[in-house]
Structures are given as C-alpha cells and as structure tokens.
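Asker: Letter by letter, the sequence shown follows residues -20 to -1, 1 to 523 of mature numbering (1 follows the signal peptide of the UniProt record, and there is no 0). In this text, a Cβ means the ideal position worked out from N, Cα and C, and glycines have one as well. Attaching a single structure in structure tokens format; questions to follow.
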Amino acid sequence: MFRLAFTVVFLATAILPGISEQTVLNAEEHTNSQWTTFPHPITRVAVIGAGPAGLQAAAHLLEANLTVRLFERAPSPGGNWFYTEETPIREAYPETNPQSPEDLPARYPATRYYEEGEGGIALEERWREHWHPRPVWYTLHTNSPATTTRLPGIEHPPDTPWRLSVHNVEHHVRAYASLHGLNSNDKPSSPPYSPIAAYATRVEAMQKCNETATWTLTLRRLEWLPESKRLKATYWTENFDAVVIATGLYATPYVPSIKGIGNWSAAMEDGRHSIYHSQSFRHAEWYAGRTILIVGASVSSTEIARTIAPFTKRLIASVRPNKNRDARGFDILFGFPEKSEVVPEISSFEPLRAGDTGIKKGKIVLNNGTVIEGVDEIIFATGYRPTHLGGPGTINSLHWTGHYIHDPTLAYAFTGRTWSYGPYQSLAFAKVWTGKARLPSREQMWQDHQSKKYQFGSPLDVLQQEALTRQWVAWLNNESLEFGGKFVEPSPAETREVLVYYFNTHWRHDCSPTKISLGSRTCRAASGLRRRRMDSMPKSWLG
C-alpha cells in the first residue's frame, strides 16, 4: 500500500509539474528576452557518435522531422560497447616524442590513397588510428543492473543475466540502431533517399560560421580497397544548423608522468610491449603465470584485477587516496580481489639495462621507498583525458540540459548515466531546436551555472540523481503543456530500488552483504532487507 501511494504521489508531481514551478516556467509572465532565441529555424542537425547516447539523439531528432546526419568513426554502431579483437594504436608516453597528426587537404572534396608501409606506417595501424578500437575486453560486464541498462523500445530476453556482458550490450545497441534505421547497413526507404548514418567517418574539425550561423564539419571516411591492397581516404565538408557531440567526454588515454617511464615504455618481450594502457586489455589468459602490476584505483583497475587474478602468479595494485570518492563512502579497494597486494604510488622507474628483454629485471621505486622487482607487465588503468571536439572551453560551460551556454546550437550528449537520462536529454534536443521547449537566456543560464544551481552529484549519488530525474520530467512535461508534444514519465519505483540496491552492494564498503563487518548496524539491516526483497522480486524486474 505504501509503495503504491508513493508512486502515485511521485507521478502526479513529475508528469504534471508542480504548481510552485508553474509561475517560473509560464511564458506569459516573461518577455521573449528572457528566453534563448535562434537566428534562423534549425532544420539540419549533425550527431557525432553512434553509441547509446548518439543513437538516441539521432532517433529523437528524426522523429521531430529534422534532417539528420549521424557520423561514427567506427565501422559499426555501439560506441564503447563495440567489441573487437583489434586494439587502439599505442598511447603517447611522457618523455617520448608523440607522432604528429596528418595534415588535412587544402581543398575539399579530396581523396588520398595509402600503400602498405607508406610513411613507415602499416595499413592496419593506419586503419586502427582512424577508428580507434574501443577500450573493452572480452569478459567485461556492466557496472549497472540489466533493468537500468537498456534503450527505449528494445527489451532484454527474459533470462538475461543480472549483469550484462559487453556482447549483450553490443547486440542490444545494434538492435536499437536497426529499429531506427541507423545501422551500418541501413538505407533510407523514403525520399530523398539520402543516407543518414556515415560509419568509418571521422570528424576532423568543426567550425562555426558567424555570418550564416551554421556549423561546418570537416569529415574523413576511410575504406579498404582489397583488390589493390590500399586504403582510400575521402575528405569533404557538410554544413549544419546544430550539432550534437555524443562521443563521450573522455577519450584520450592518460598516462601519468613518472620519472623513467619513457625508458620503460620502449621495453618489449616476445613482440609485445611490457607496459601499456588498459585500453589495450582484451583477454585474461594472456597473463597466466605472470606477475602483473596494475596502476590506478577506479572501476577499470578493479575490474581488470578481478578478471586476471585467477591466472596471475602475483598481482600488485598501485593506488593513491581519493578524498572525493572516499567521502561518499565508496571504497575502491573493496573492489580488488583478495590476492592483490596494494601498494602506494610509484615514485620512479629505474633505468633498464641495455640488452635486457622486457622489464622483469627493472626496479620500481614507490613513494614510501619500497623497491619492487620481478614484474612482467604493467597495466596503466589511469583513465582518460577530456577531448575538446567542440572547443577547449565548451564542456565546462554547459547548461544542465547539455546545451553549450554561449551557443545552444551546440550540445553534448553525455549525462553520466546514458541509459537513465538519454531518453530525456535526446528528446530535449529535439524539442528545443524545433521550438517545442525553451531555454533561459544566455545570461540566466550562465548565472545558474556559476552559482551551481543545477548540481546533481556523480552517477553514484543516488538521491541527487533522483532529483535530476524529477528535473527532467518536470521541465519536459511543462514545455509539452505549453507548446505541445509527448509527455514523459520517470522510471518505475521498482527499477530505482533495484538501482539503489545494486550500487550499495557493489560499491559501498559499509553496505556489502559479503563484507558486512565493515558497515554500521543500520546499513546491515537495510542491506539484509534489500536482499530478502530481491529474492522475492519478479524475474522481469531483474531484466
């Protein structure tokens, strides 16, 4: 009875936005100067990236009868969930000379052909540099439950596991792409029959023309020519009224600057580099009987550690404290397997001796003075640096909806929880750019941004993320009441309960059923209650 009452109250508040908000969002009580306006109607939109966020954005924009072009550098949809045995080209290391990017043609359109070994680069390496294989491994599983890891209109099979594999998610995302005619082999079935999606196509540059108030994208498509054993690169430009960047915020591997790392980065054994970024990790069996050092203390480091632990001879993890994470009660050390030897940060890599193979005889000095030897390989699970396709300052100046405050014809489709908020955000893009929803004036958006009015924490801050859900639902439905359009609903209360339970049991050291002694009496009781409720949940709730 209580759950039903809570659900009714919540839906009434969310679907028909609160009376208290009505005076704030009622257009009749404001002049047009208090809302963002565009210099001309938006009819043509580019979406960059065909992962879950980009596909949802393209689908909603098409539904709004806008002309859409979807660009994806990979040969197929999926974003980071597109698994392949191919690995990215080697990342740049401090103390080394990074390779300079290739110059763009002086005029467009243009075509280039590449031969094997041209410029000292193999065709296979040139191809991987172009599309950047994704940093996922063969046995990767999601860090969210199946109930919240799905796209609208596509259901998981009834017996889907609690945690989805990368292959489950890849198939799911491809099914969504096909449903909306956005897959790599889809062709338009109605006039003007022009293609929507362009795969193996990378955006080399984007520039705003102030005179026409349009965006110009410089594009490069790479394709294999098997008959001549060459690669063909085609360059051209296209113009758009608005752009959605859905490539993710972080894409460039980050390698910390540690004394001596340049010397160690060149070490190889059996044709394989001895130190590398986690983006190249694929199979746990490669590490059988070896001593492995993992650098980093986040999700990827703990996941990889648990994956390779059964195979390794010795497993060492170099971590550093994280005050922000620890303050929220999320103990990353809890995620490492029991056999892990947790050590402090690395101070330096002592120079390797000439003629040595690999790094096994090298010395690793830690911050506390301890010296480690006998390591076969080092995996840097140290995350990624932000990319700035839209410009260096754009990602730091976004309205809570994802629109760039200083020019809302540019928007970023990254929300932290694409599966939960992607449907809302992608609908918002379509509504704003077709005049079915309003954004405050630039001055008001910037004032809200500076005052941190719309701060909803990290994806693991469940209560604050719940507030964001209500914000989306209230705003979208208020605009639909004012200008027409469909209404949206929050996710069911049961789904949110599953998400809270999942995060607590997987990431909070004080709420874990397996490490109950670390927690408080209150959290232990709540955890036990959630376990009993989970046991009695219908299978459909679990995906």
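#1: Could you tell me the distance, in whole angstroms, from the CA atom of serine 320 to the CA atom of arginine 294?
#2: DSSP beta-bridge partners for phenylalanine 316?
#3: Here's the rule: buried if 16 or more other CB atoms are within 10 angstroms of the residue's CB, otherwise exposed. What is residue 539?
#4: What residue does the beta strand (DSSP E) around threonine 414 start on, and which one ends it?
#5: Counting only beta-carbon separations shorter than 7 Å, does isoleucine 101 have a partner in chain B?
#6: Along the chain, where does the beta strand (DSSP E) containing histidine 257 start, and where does it finish?
#7: Output the distance between the C-alpha atoms of glycine 354 and arginine 286, rounded to the nearest integer angstrom.
#8: Which residues mark the beginning and the end of the beta strand (DSSP E) in which isoleucine 272 is found?
#9: With H, G and I counted as helix, E and B as strand and the rest as coil, what does DSSP make of isoleucine 69?
#10: Using C-beta distances below 7 Å, list every residue in its chain close to threonine 23, excluding the 5 sequence neighbours before and after it, in chain order.
#11: Classify tyrosine 267 as buried or exposed, calling it buried when 16 or more other Cβ atoms lie within 10 Å of its own Cβ.
#12: Quick check on DSSP: helix, strand or coil for valine 223?
#13: Do you know offhand how far isoleucine 241's Cα is from phenylalanine 329's?
#14: My guess is that glycine 363 and serine 278 are in contact by the Cβ rule of under 8 Å, so how many angstroms apart are they, rounded?
#15: Can you tell me the Cα-Cα spacing of serine 406 and lysine 341, whole angstroms?
#16: Counting Cβ pairs, one atom from each stretch, are 3 or more of them under 8 Å apart for the stretch 64 to 74 and the stretch 182 to 196?
#17: Anyone know if the C-beta pair for glycine 402 and alanine 33 falls short of 7 Å?
#18: Terminal residues of the continuous alpha helix (DSSP H) containing isoleucine 284?
#19: Give every residue of the same chain whose Cβ lies closer than 6 Å to the Cβ of proline 132, excluding the five residues on either side of it in the sequence, and list them in chain order.
#20: Identify, in the order they occur along the chain, each residue of the same chain with its Cβ nearer than 6 Å to the Cβ of arginine 333, setting aside the five sequence neighbours on each side.
#21: Using a Cβ-Cβ cut-off of 8 Å (strictly less than) and excluding sequence neighbours within five positions of tryptophan 399, which residues of its own chain qualify?
#22: Using CA coordinates, which residue listed in Gly100, Glu357, Ala44 and Ala193 is at the minimum distance from methionine 248?
#23: Note down the Cα distance separating lysine 416 from threonine 449, rounded to an integer number of angstroms.
#24: For the candidate residues Ser13, Ile296 and Pro233, whose alpha-carbon lies nearest to that of histidine 257?
#25: Could you pull the DSSP bridge partners for proline 420 from this structure?
#26: Taking only the alpha-carbon atoms, compute the straight-line gap between tyrosine 384 and alanine 180 and give it to the nearest angstrom.
#27: Using the Cα positions of histidine 136 and leucine 479, report the straight-line distance between them to the nearest angstrom.
#28: Excluding the five sequence neighbours on either side, which residues of its own chain have a C-beta within less than 6 Å of the C-beta of threonine 11, listed in chain order?
#29: For the structure I just gave you, are there three or more beta carbon pairs, one from the stretch 161 to 169 and one from the stretch 76 to 93, closer than 8 Å?
#30: Can you round the beta-carbon distance between phenylalanine 291 and glutamate 318 to whole angstroms, since I take them to be within the 8 Å contact cut?
#31: What residue range is occupied by the uninterrupted alpha helix (DSSP H) comprising serine 245?
#32: Where does serine 400 sit, in a helix, a strand or coil, going by DSSP?
#33: Report the residue ranges of all alpha helix (DSSP H) runs contained in full by the stretch 71 to 133; include only those spanning at least 4 residues, in chain order.
#34: Quick check on alanine 297: buried or exposed, where buried means 16 or more other Cβ atoms within 10 Å of its Cβ?
#35: On the premise that tyrosine 88 lies in contact with residue 524, defined as a C-beta separation below 8 Å, what is that separation, rounded to the nearest angstrom?
#36: Can you list, in chain order, the residues of its chain with a C-beta nearer than 7 Å to that of cysteine 189? Leave out the 5 residues immediately preceding and following it.
Answerer: In brief:
#1: For the purposes of this step, residue 320 is taken as the residue at position 340 of the sequence shown. For the purposes of this step, residue 294 is taken as the residue at position 314 of the sequence shown. Answer to the nearest angstrom: the Cα atoms are 8 Å apart.
#2: Taking the first residue of the sequence shown as position 1, residue 316 is located at position 336. Phenylalanine 316 pairs with nothing; no bridge assigned.
#3: Shown here, the chain extends from -20 to 523; a query on residue 539 therefore has no answer.
#4: Along the sequence shown, one-based indexing puts residue 414 at 434. From DSSP, threonine 414 is part of no beta strand (DSSP E); its letter is neither H nor E.
#5: Absent from the structure is chain B; it holds one protein chain and no more.
#6: Position 277 of the sequence shown holds residue 257. Residues 255 to 257.
#7: In the sequence shown, the residue the question calls residue 354 occupies position 374. In the sequence shown, the residue the question calls residue 286 occupies position 306. Using only the alpha carbons, I get a separation of about 21 Å.
#8: In the sequence shown, counting from the first residue as 1, residue 272 sits at position 292. From DSSP, the beta strand (DSSP E) with isoleucine 272 extends over 271 to 275.
#9: Reading the sequence shown from its first residue, position 89 is the one you call residue 69. Reduced to three states, the DSSP call for isoleucine 69 is coil.
#10: Residue numbering aside, residue 23 sits at position 43 when the sequence shown is read from its first letter. Cβ neighbours of threonine 23 beyond the five flanking positions: Leu46, Thr47 and Asp221.
#11: Against the sequence shown, residue 267 aligns to sequence position 287. Its Cβ being crowded by 16 or more others within 10 Å, tyrosine 267 is buried.
#12: Here the question's residue 223 lines up with position 243 in the sequence shown. Looking at valine 223 - three-state DSSP - the assignment turns out to be strand.
#13: As a first step, residue 241 must be located in the sequence shown, where it is residue number 261. As a first step, residue 329 must be located in the sequence shown, where it is residue number 349. Isoleucine 241 and phenylalanine 329: Cα-Cα distance of roughly 6 Å.
#14: Here residue 363 corresponds to residue number 383 of the sequence shown, with the count starting at 1. Here residue 278 corresponds to residue number 298 of the sequence shown, with the count starting at 1. Correct: roughly 6 Å between the Cβ atoms.
#15: Within the sequence shown, residue 406 is the residue found at index 426, counting from 1. Within the sequence shown, residue 341 is the residue found at index 361, counting from 1. Whole-angstrom Cα-Cα distance: 53 Å.
#16: no
#17: In the sequence shown, the residue the question calls residue 402 occupies position 422. In the sequence shown, the residue the question calls residue 33 occupies position 53. Result yes, Cβ atoms of glycine 402 and alanine 33 sit closer than 7 Å.
#18: As a position in the sequence shown, residue 284 is number 304, starting the count at 1. Per DSSP, isoleucine 284 belongs to the alpha helix (DSSP H) from 279 to 288.
#19: The count along the sequence shown starts at 1 and reaches residue 132 at position 152. Here the set comprises Pro403.
#20: What you label residue 333 is simply residue 353 of the sequence shown in a count that begins at 1. No residues qualify anywhere along the chain.
#21: Within the sequence shown, numbered from 1, the residue matching residue 399 stands at position 419. Cβ neighbours of tryptophan 399 beyond the five flanking positions: Pro32, Ser124, Thr128, Thr129, Arg130 and Leu131.
#22: Taking the first residue of the sequence shown as 1, we reach residue 248 at position 268. With distances taken between Cα atoms, methionine 248 lies closest to Glu357.
#23: For this step, residue 416 is matched to residue 436 along the sequence shown. For this step, residue 449 is matched to residue 469 along the sequence shown. Going from the Cα of lysine 416 to the Cα of threonine 449 covers about 20 Å.
#24: For the purposes of this step, residue 257 is taken as the residue at position 277 of the sequence shown. Considering only alpha carbons, the answer is Pro233.
#25: The count along the sequence shown starts at 1 and reaches residue 420 at position 440. Paired residues: Trp15.
#26: Residue 384 sits at position 404 when you count from the first residue of the sequence shown. Residue 180 sits at position 200 when you count from the first residue of the sequence shown. One C-alpha to the other measures close to 27 Å.
#27: The sequence position of residue 136 within the sequence shown is 156, counting from 1. The sequence position of residue 479 within the sequence shown is 499, counting from 1. Using only the alpha carbons, I get a separation of about 17 Å.
#28: Translated into positions along the sequence shown, residue 11 becomes position 31. Reliability fails at threonine 11, whose pLDDT of 46 lies under 50, so the model's placement of it is uncertain and no value is given.
#29: no
#30: Looking up residue 291 in the sequence shown gives position 311. Looking up residue 318 in the sequence shown gives position 338. In fact, because the Cβ distance is near 15 Å, the residues do not count as touching under 8 Å.
#31: As a position in the sequence shown, residue 245 is number 265, starting the count at 1. Serine 245 -> alpha helix (DSSP H) spans 241 to 245.
#32: As a working note, residue 400 is residue 420 in the sequence shown. Helix.
#33: 103 to 111
#34: Indexing the sequence shown from 1 puts residue 297 at position 317. The residue in question, alanine 297, is buried, as its Cβ has 16 or more Cβ neighbours within 10 Å.
#35: The chain is shown only over -20 to 523; residue 524 falls outside these bounds and no answer can be derived.
#36: In the sequence shown, counting from the first residue as 1, residue 189 sits at position 209. So the qualifying residues of the chain are Thr196.
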